[in-house]
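S.K.:
There are 2 protein chains.
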Amino acid sequence: MNPEKHATHTSLAARDRILRTAHALFYRDGVRATGIDRIIAESGVTKVTFYRHFSSKNNLVRAYLDYRHREWISWFSDTLARYGGCPDAIVLTMEEWLRTPSYRGCAFINSVGELSDALPEVAQIARNHKEAMIAAIALVLPAVHQRVELARTVALAMDGAIVRAQFDDTPDFALNALKRIIKSLLIE
Amino acid sequence: MNPEKHATHTSLAARDRILRTAHALFYRDGVRATGIDRIIAESGVTKVTFYRHFSSKNNLVRAYLDYRHREWISWFSDTLARYGGCPDAIVLTMEEWLRTPSYRGCAFINSVGELSDALPEVAQIARNHKEAMIAAIALVLPAVHQRVELARTVALAMDGAIVRAQFDDTPDFALNALKRIIKSLLIE
DNA sequence: GCCGAAGTAGACAGGTTTGTCTACAATGGG
DNA sequence: CCCATTGTAGACAAACCTGTCTACTTCGGC
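Protein sequence lines correspond, in order, to chains A and B. Residue numbers for the first sequence follow the working numbering, beginning at 1 and rising by one. Residue numbers for the second sequence follow the working numbering, beginning at 1001 and rising by one.
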């Protein structure tokens, strides 16, 4: 009855392949620009298999955003810790991300711009994602009071750097500006 | 020979109606989500008329971004001046924009996310737009040296506020965070 | 008054989109 | 060992996309 419990390893592999392919294509080319047929062909399944796992493209988009959220947040938390879990870790972690060759901005910001009318809950999904990002940031900030409010402000500057690095040739300016803003906020 | 010189007032009206309709729909619903047929129907022209003015959808998109750029920059400069042309005018101008009911974020950030592969020059168009925005900001900042560099940093924070306000219910947090960042940057 | 530019209505081509359908094979747990 | 689940291949429907085409009208400048 419960598909989660009855899923075999082969079915998990098929579902997983679809989700990974969708993630790669949706993130790289955009959700609207990517057709179901393309995802089906590149993940090596058939249409029936696909529609048995995801009853519609919108459901696949929801699964993609959920998958992206979990992957990105765990990568972000781990990388902040790897760089020492101090305020400086923020810019270093961002630098590592923004210099990734496959970097194409924030999947959630991009999806809100693309889908706000077609998939209304995407705004709420984006808010949840940013809230988790803010919580991770707060952990590496000094324990001033209103630490979460400070983390929110830092997160807003990060979003500015994220979109700026998306259309600049190099992320250098975005990273320098972010560093300057964080330093300035922490001096007070 | 020169279509600019031979254009009659009726033809200008038709071209203008198409451009305004395209602007409204592209900005509200996104470029990929808006079909040519819809723009044609809502601007009250026929397909032949449309394709006489814009030889392809991509050309219409370019014209839309150019139109948006000129309109937005002149509104932004005027509004900064209207609020006194001082640093405080930045947040007040942003507040006026972000509280507009039709607010849907920055047309250029949205277009980069949607079209970066389909229309490669959109990244350059976005950079040009932000450069003009930075120049307008610099005019209201105190005449410190490196004023333009300061304006660039302020612009990055504005971009953060722009995307944040796009998926929040109210722009209150984005505006407060922006105010805090600008104040902090100007204290030094 | 003629001619070119710009307008009208609407059919059409060729491609792409999402989603359904039939028919059949493999496989693993009760 | 049987049967539900999951998989395969591929045709199909119905809508939508961009762009072209024919055929006719309106209007302004030379």
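Glycine is no exception: its CB is placed at the ideal position from the N, C-alpha and C atoms. Predicted model, so just to flag it, every value in this text is computed and none were measured.
Go ahead and pull the three-state DSSP assignment for histidine 145 of chain A.
M.R.: Correct three-state label for histidine 145 of chain A: coil.
S.K.: Do valine 31 of chain A and serine 111 of chain A have their CB atoms nearer than 8 Å?
M.R.: Result yes, Cβ atoms of valine 31 of chain A and serine 111 of chain A sit closer than 8 Å.
S.K.: Can you name the start and end residues of the alpha helix (DSSP H) that serine 1184 of chain B belongs to?
M.R.: Serine 1184 of chain B -> alpha helix (DSSP H) spans 1172-1187.
S.K.: For the candidate residues A:Arg147, A:Lys130, A:Glu131, whose alpha-carbon lies nearest to that of alanine 138 of chain A?
M.R.: The shortest C-alpha separation from alanine 138 of chain A is found at A:Arg147.
S.K.: Any idea what DSSP makes of serine 1074 of chain B, helix, strand or coil?
M.R.: Residue state, collapsed to three classes: helix.
S.K.: Taking 8 Å as the cut-off, decide whether the C-beta atoms of tyrosine 1267 of chain B and threonine 1093 of chain B are in contact.
M.R.: It is not possible to answer for residue 1267 of chain B, since the shown part of chain B is limited to 1001 through 1188.
S.K.: Counting only Cβ pairs nearer than 9 Å, list the residues of chain B close to leucine 65 of chain A.
M.R.: Residues of chain B passing the Cβ test: none, with the nearest at roughly 13 Å.
S.K.: Report yes or no: do the stretch 65-81 of chain A and the stretch 127-134 of chain A share at least 3 C-beta pairs separated by less than 8 Å?
M.R.: Yes, the stretch 65-81 of chain A touches the stretch 127-134 of chain A.
S.K.: Does any residue of chain B bring its CB to less than 8 Å from the CB of asparagine 128 of chain A?
M.R.: Taking Cβ atoms only, chain B never reaches closer than 8 Å to asparagine 128 of chain A, which makes this a no.
S.K.: So which residues on chain B does aspartate 29 of chain A lean against when the C-beta distance must stay under 8 Å?
M.R.: Within 8 Å Cβ-Cβ: Asp1117.
S.K.: Assuming alanine 1161 of chain B contacts leucine 186 of chain A (C-beta within less than 8 Å), just tell me the rounded distance between them.
M.R.: Not confirmed; about 20 Å, so no contact.
S.K.: Specify, as a first and last residue, the run of the alpha helix (DSSP H) that glutamate 1114 of chain B falls within.
M.R.: Element bounds for glutamate 1114 of chain B: 1107-1115.
S.K.: When you compare the CB positions of valine 45 of chain A and arginine 17 of chain A, do they come within less than 8 Å of one another, or not?
M.R.: Yes.
S.K.: DSSP three-state label for histidine 23 of chain A, please.
M.R.: Note: histidine 23 of chain A maps to helix in three-state DSSP.
S.K.: The ligand PLP and threonine 34 of chain A: does any heavy atom of the ligand fall closer than 7 Å to the residue's C-beta?
M.R.: Among the components modelled here there is no ligand, and therefore nothing to report on the ligand PLP.
S.K.: Is there at least one Cβ from chain A nearer than 8 Å to lysine 1005 of chain B's Cβ?
M.R.: Low confidence applies here, because lysine 1005 of chain B scores a pLDDT of 36, under 50, leaving its location unreliable and the question unanswered by this model.
S.K.: Give the straight-line distance between the Cα atoms of glutamate 1096 of chain B and aspartate 1078 of chain B, rounded to the nearest whole angstrom.
M.R.: Approximately 12 Å between the Cα atoms of the pair.
S.K.: Where does leucine 1139 of chain B sit, in a helix, a strand or coil, going by DSSP?
M.R.: Of the three classes helix, strand and coil, the one that applies to leucine 1139 of chain B here is coil, per DSSP.
S.K.: Starting from the Cα of arginine 1152 of chain B, find the closest Cα among B:Thr1170, B:Asp1169, B:Pro1142, B:Met1133 and give me that residue.
M.R.: Of the listed residues, the one whose Cα sits closest to arginine 1152 of chain B is B:Met1133.
S.K.: Which whole-angstrom value describes the C-beta separation of proline 87 of chain A and isoleucine 182 of chain A, a residue pair presumed to lie in contact below a C-beta threshold of 8 Å?
M.R.: The pair is a contact, with the Cβ atoms about 7 Å apart (cut-off 8 Å).
S.K.: Under a Cβ-count criterion, where at least 16 other Cβ atoms within 10 Å of its own Cβ denotes burial, should valine 140 of chain A be classed as buried or exposed?
M.R.: Valine 140 of chain A is buried by the Cβ-count criterion.
S.K.: Comparing the C-beta of alanine 1022 of chain B with each C-beta of chain A, is any distance below 8 Å?
M.R.: False, the Cβ-Cβ gap to chain A never drops below 8 Å.
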